[in-house]
Amino acid sequence: MGVRTGAQYLHDVNQSPRELWIDGRRITGAVAEDAAFRRLAGSIAGLYDLQHQPGLQEEMTYQSPSSGDRVGLSFLTPRTKDDLARRRRMMQHWANFSGGIMGRTPDYLNSDLMALASASGFFDQNDPRFGENVRRYYEYVRENDLCLTHTLINPQSNRAVGPSQQSDPYIAARILEKTSAGVVVRGARMLATLPLADEILVFPSTVIRATDEDKPYAYAFSLPCATPGLRFICRESFDYGRPEFDHPLASRFEEMDAMVVFDDVLVPWDRVFLLENGELCNRLYSDTDATVHMTHQVVVKNIAKAEFVLGVASTIVDMIGIEQFQHVQEKIAEMIIAVETQKAFILASEANAHENPYGVMTPDWTPLNIARNTFPKIYPRLVEIIQQLGASGLMAIPTERDLSEPTLRRDIDRFYQARNTDAATRIRLFRLAWDLALSSFAGRQVLYERFFFGDPVRMAGALYFSYDKQPMKNRVAEFLERTPIPSPE
Ligand SMILES: Cc1cc2nc3c(=O)[nH]c(=O)nc-3n(C[C@H](O)[C@H](O)[C@H](O)COP(=O)(O)OP(=O)(O)OC[C@H]3O[C@@H](n4cnc5c(N)ncnc54)[C@H](O)[C@@H]3O)c2cc1C
39 MGVRTGAQYL
49 HDVNQSPREL
59 WIDGRRITGA
69 VAEDAAFRRL
79 AGSIAGLYDL
89 QHQPGLQEEM
99 TYQSPSSGDR
109 VGLSFLTPRT
119 KDDLARRRRM
129 MQHWANFSGG
139 IMGRTPDYLN
149 SDLMALASAS
159 GFFDQNDPRF
169 GENVRRYYEY
179 VRENDLCLTH
189 TLINPQSNRA
199 VGPSQQSDPY
209 IAARILEKTS
219 AGVVVRGARM
229 LATLPLADEI
239 LVFPSTVIRA
249 TDEDKPYAYA
259 FSLPCATPGL
269 RFICRESFDY
279 GRPEFDHPLA
289 SRFEEMDAMV
299 VFDDVLVPWD
309 RVFLLENGEL
319 CNRLYSDTDA
329 TVHMTHQVVV
339 KNIAKAEFVL
349 GVASTIVDMI
359 GIEQFQHVQE
369 KIAEMIIAVE
379 TQKAFILASE
389 ANAHENPYGV
399 MTPDWTPLNI
409 ARNTFPKIYP
419 RLVEIIQQLG
429 ASGLMAIPTE
439 RDLSEPTLRR
449 DIDRFYQARN
459 TDAATRIRLF
469 RLAWDLALSS
479 FAGRQVLYER
489 FFFGDPVRMA
499 GALYFSYDKQ
509 PMKNRVAEFL
519 ERTPIPSPE
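Note that this note's numbering numbers the sequence shown so that position 283 is 321, with each residue one more than the last.
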């Protein structure tokens with residue numbers, strides 16, 4: 039089939055009735071037409087349509103090695119450094135579509151799946167059928183241009199103990215039984231962003247102990263989101279149905295996060311990738327280089343996001359005439375540094391890429407690892423700068439209805455104008471800045487950047503232990519050796 043259009047995505051998602059709950063209501067019927075998801079679905083459709091846009095097809099698609107159809111370029115297995123650059127350019131188009139605000143453009147998990155499939159031998163160690171399953175699944179997703187979500191984390195009930203030691207061993211999703219048809223899973227996983235995806239990956243993340251008690255929590259599999267017994271409990275939506283003028287981001291890019299409940303869900307054998315092997319589960323992301331390719335995508339998204347925030351901040355500076363203040367220049371410079379360092383990280387990762395044992399051209403991990411450790415701190419700061427520069431202007435943001443009211447409009451046109459533009463144009467920008475820095479949607483974006491790629495504290499710990507500090511220690515030791523230690527008189 040090859041790359042889908044937006045209309046095809048909408049058709050497919052509407053034809054897959056998943057069990058989606060929001061605000062006490064079960065969505066029945068066409069999910070992409072429900073008020074809570076209609077505008078998000080439209081944005082995802084917009085992404086798919088980009089792949090068909092004349093002038094972008096060449097950069098966003100490539101010829102499938104199996105069918106000959108044009109398929110999404112984020113599925114391309116990179117064999118050369120040029121392939122990595124092609125993947126980056128493709129991902130930039132999707133990232134810029136939302137100013138980097140959409141974290142779950144499909145290339146994020148396409149990159150994951152591409153890396154997993156290329157390392158199918160890793161899964162063979164658990165069972166030769168599993169490697170074949172991963173390869174076939176990758177082809178299925180690629181050829182049908184499907185969109186994936188994923189869930190990795192156990193519910194937060196009690197982090198002091200592992201999943202088997204919770205008050206109920208089925209809080210964290212656990213293998214209930216194995217049958218001739220597949221494995222049956224009971225319990226829950228915490229969090230899946232984008233429950234409007236076609237498919238869900240249920241993969242390990244937290245460290246699994248190599249004990250018999252933890253064995254039932256050791257697995258990796260995939261399912262269609264519309265699988266019987268699979269239930270998504272969504273959080274409150276931050277798309278309140280307001281006009282795009284009022285909530286320019288929430289009205290378009292509310293990706294939604296959901297708790298995922300497995301009510302005795304059958305996972306067919308051909309969808310099982312790892313089973314009851316905690317040791318392989320713990321090595322999954324590092325041994326397959328999936329984290330590296332996912333981070334490559336994440337940094338592209340982060341650059342688009344940082345550039346977008348920089349664009350908003352700089353436009354505010356021009357509009358209200360604050361460029362001459364030195365602290366304003368310093369804050370914009372801080373944003374520029376954020377953008378340019380992320381760009382440098384990605385280029386360095388490509389320049390120093392190497393072929394991994396599976397023959398995949400793999401970006402250098404160190405700069406990407408640094409990038410993923412810095413952005414959770416950078417993004418909240420970028421948002422803080424918007425607050426510091428916008429100040430009370432971020433509260434002087436009449437709504438579309440206010441602007442349509444003739445009596446108010448006279449006041450608005452007079453009192454809300456900016457140095458270089460009229461009131462309505464200024465308000466449109468400041469509403470965007472508010473949705474970026476202050477709204478409930480903005481708060482979720484900050485939380486997302488802090489956590490979505492893992493706990494920043496544990497990511498820093500991983501960096502500490504994986505970074506080779508020995509050469510620096512040797513250099514210091516050599517320097518110190520030049521100065522003799524005095525002996526006692
Ligand atoms: C908006 C959003 C979207 C997300 N989307 C997805 C998704 O689509 N799919 C998915 O799988 N996950 C998703 N996540 C979850 C994300 O992977 C986790 O938030 C992240 O891994 C941290 O885990 P946690 O939230 O369970 O925090 P917890 O592990 O519960 O941590 C809570 C606090 O305790 C501390 N802590 C806990 N354990 C330790 C420890 N061992 N050592 C040191 N400190 C510790 C943490 O540092 C933190 O301060 C999303 C999260 C957010 C906020």
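Glycine residues also receive a C-beta, built at the ideal position from the N, C-alpha and C atoms. Since we're looking at a predicted model, the values are computed, not measured.
Consider the C-beta atom of residue i and the heavy atoms of ligand 1; say whether any pair is separated by less than 8 angstroms.
| i | result |
| --- | --- |
| M140 | no |
| M559 | Because the chain in this structure spans residues 39 to 527, residue 559 falls outside the shown range and cannot be described. |
| T265 | no |
| G225 | no |
| G200 | no |
| Y486 | yes |
| I523 | no |
| A494 | Note on identity: in this sequence residue 494 is Pro, with Ala being the wrong assignment. It does: the Cβ of P494 is within 8 angstroms (strictly closer) of some heavy atom of ligand 1. |
| Q194 | yes |
| T333 | no |
| T189 | yes |
| L446 | no |
| S243 | yes |
| T231 | yes |
| F489 | yes |
| R212 | no |
| D107 | no |
| D295 | yes |
| R309 | no |
| R269 | no |
| R247 | no |
| R197 | yes |
| R530 | This structure leaves residue 530 out entirely; the chain is present only between 39 and 527. |
Can you name the start and end residues of the beta strand (DSSP E) that residue i belongs to?
| i | result |
| --- | --- |
| G220 | G220 to T231 |
| Q203 | Per DSSP, Q203 belongs to no beta strand (DSSP E) and is neither H nor E. |
| R466 | R466 -> not in any beta strand (DSSP E); alpha helix (DSSP H) instead, spanning A461 to A475. |
| V109 | R108 to G110 |
| L322 | It is not in any beta strand (DSSP E) - L322 instead sits in the alpha helix (DSSP H) that spans G316 to T326. |
I need the DSSP call for residue i, collapsed to helix, strand or coil.
| i | result |
| --- | --- |
| Y257 | strand |
| I523 | coil |
| V303 | strand |
| F311 | strand |
| E57 | strand |
| A272 | Sequence check: residue 272 is Cys here, not Ala. C272 falls in the strand class under three-state DSSP. |
| H334 | helix |
| G492 | coil |
| A74 | coil |
| T244 | coil |
| M152 | helix |
| D252 | coil |
| R212 | strand |
| Q194 | coil |
| M399 | strand |
| I139 | coil |
| P509 | helix |
| A157 | coil |
| L485 | helix |
| A123 | helix |
| R64 | strand |
| T187 | strand |
| I238 | strand |
| P116 | coil |
| D295 | strand |
| P262 | strand |
| E345 | helix |
Considering residue i, what are the terminal residues of the alpha helix (DSSP H) in which it resides?
| i | result |
| --- | --- |
| I384 | Q364 to A389 |
| E422 | W403 to G428 |
| V101 | Before going on, a small fix: residue 101 reads as Gln here, not Val. Segment T99 to Q101 is the beta strand (DSSP E) holding Q101; no alpha helix (DSSP H) there. |
| L48 | G44 to N52 |
| D449 | P444 to F453 |
At least three beta-carbon pairs within less than 8 angstroms, the stretch 459-472 to the stretch 424-432:
yes
Count the CB pairs spanning the stretch 397-406 and the stretch 382-389 that are closer than 8 angstroms, and state whether there are at least three.
yes
At least three beta-carbon pairs within less than 8 angstroms, the stretch 296-314 to the stretch 352-367
Touching, no, given that fewer than three Cβ pairs across the two stretches are closer than 8 angstroms.
Taking contact to mean at least 3 C-beta pairs separated by less than 8 angstroms, is the stretch 324-339 in contact with the stretch 138-154?
Touching, per the Cβ criterion.
Are the stretch 263-275 and the stretch 200-213 touching by the rule of at least three beta carbon pairs closer than 8 angstroms?
no
Any contact between the stretch 128-141 and the stretch 333-350? By contact I mean 3 or more CB pairs, one from each, below 8 angstroms.
yes
At least 3 beta-carbon pairs within less than 8 angstroms: the stretch 75-87 vs the stretch 283-295:
yes
Is the stretch 89-96 touching the stretch 294-301, taking contact as three or more C-beta pairs under 8 angstroms?
No, the stretch 89-96 does not touch the stretch 294-301.
At least three beta-carbon pairs within less than 8 angstroms, the stretch 165-177 to the stretch 209-222
Flag = no, the stretch 165-177 and the stretch 209-222 do not touch.
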